[in-house]
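Novice: Numbering (UniProt numbering), first residue to last: 1 to 218.
Where a beta carbon is used, it is the ideal one built from N, C-alpha and C, also for glycine.
Encoded structure:
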């Protein structure tokens, strides 16, 4: 079955080559790297898309429902698995870490996807989440794009930051540390040093959180 992103993968990926896309990608990547560093052990990106983030993070495996996106991810050296986050075609307890970057807003059931992440991880494994939340200027800007029928964001459902943390904890994870970036207006393109702050901030466009798998869940 063709997935929505099968017809959008080129447009999605090429956006990161634009001046604005390059700036945002650099900021978000640095924010994720601040928490995970160079991931050790076997890591999987759930919702890997075209593999841009996984490749730069040193994550070698990725899951996504879009065949076309996975073809591009494979060209970046990602071992690709086609499937959905809520029902991953992978055995339990095989990964030291799982990354969900910009994925939760495109998933039908974030709760089920987080439960699957718990299943895939070894005891004490790490879950790295990167999100744009609904309750900040960036989230509101993307929700306007969604309401206007944007070809990509019309599929997104942005959650408040507090809801994201709560459902992740409910599925058996403990928040270890966090970081934030995109402290500028979404319509701007600032120059100079990119600011990455430890912790979570309401005025940050992008929030990254590192969780640890606990004994709860399953």
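Assuming residue 19 is part of the alpha helix (DSSP H), what are its boundary residues?
Specialist: Residues 19–36.
Novice: If you measure between the beta carbons of residue 120 and residue 98, is that distance less than 9 Å?
Specialist: Yes, they are a contact pair.
Novice: Suppose you measure from the CA of residue 197 to the CA of residue 104; what does that come to, to the nearest Å?
Specialist: In a straight line, the C-alpha of residue 197 is about 22 Å away from that of residue 104.
Novice: Find out if the Cβ-Cβ distance for the pair residue 67, residue 135 is shorter than 9 Å.
Specialist: Going by C-beta atoms, residue 67 is not nearer than 9 Å to residue 135.
Novice: Grab me the residues of residue 56's own chain with a C-beta within less than 6 Å of its C-beta, minus the 5 sequence neighbours each way, in chain order.
Specialist: Closer than 6 Å at the Cβ level, and outside the excluded window around residue 56, lie 29.
Novice: Let me confirm a value: residue 22 is counted as buried when at least 16 other C-beta atoms fall within 10 Å, else exposed. Which label applies?
Specialist: So residue 22 counts as exposed.
Novice: Between which two residues does the alpha helix (DSSP H) containing residue 74 stretch?
Specialist: That run of the alpha helix (DSSP H) goes 67–75.
Novice: Run through DSSP, which three-state label would residue 217 get?
Specialist: Reliability of the predicted coordinates at residue 217 is poor, the pLDDT of 45 falling under 50, and no value is obtained from them.
Novice: Express the C-alpha separation of residue 124 and residue 210 in angstroms, rounding to a whole number.
Specialist: Straight-line Cα distance between these residues: approximately 12 Å.
Novice: Extract the residue ranges of the alpha helix (DSSP H) inside the stretch 143–184, only unbroken runs of 4 or more that lie entirely within it.
Specialist: Complete alpha helix (DSSP H) runs here, min 4: 161–170.
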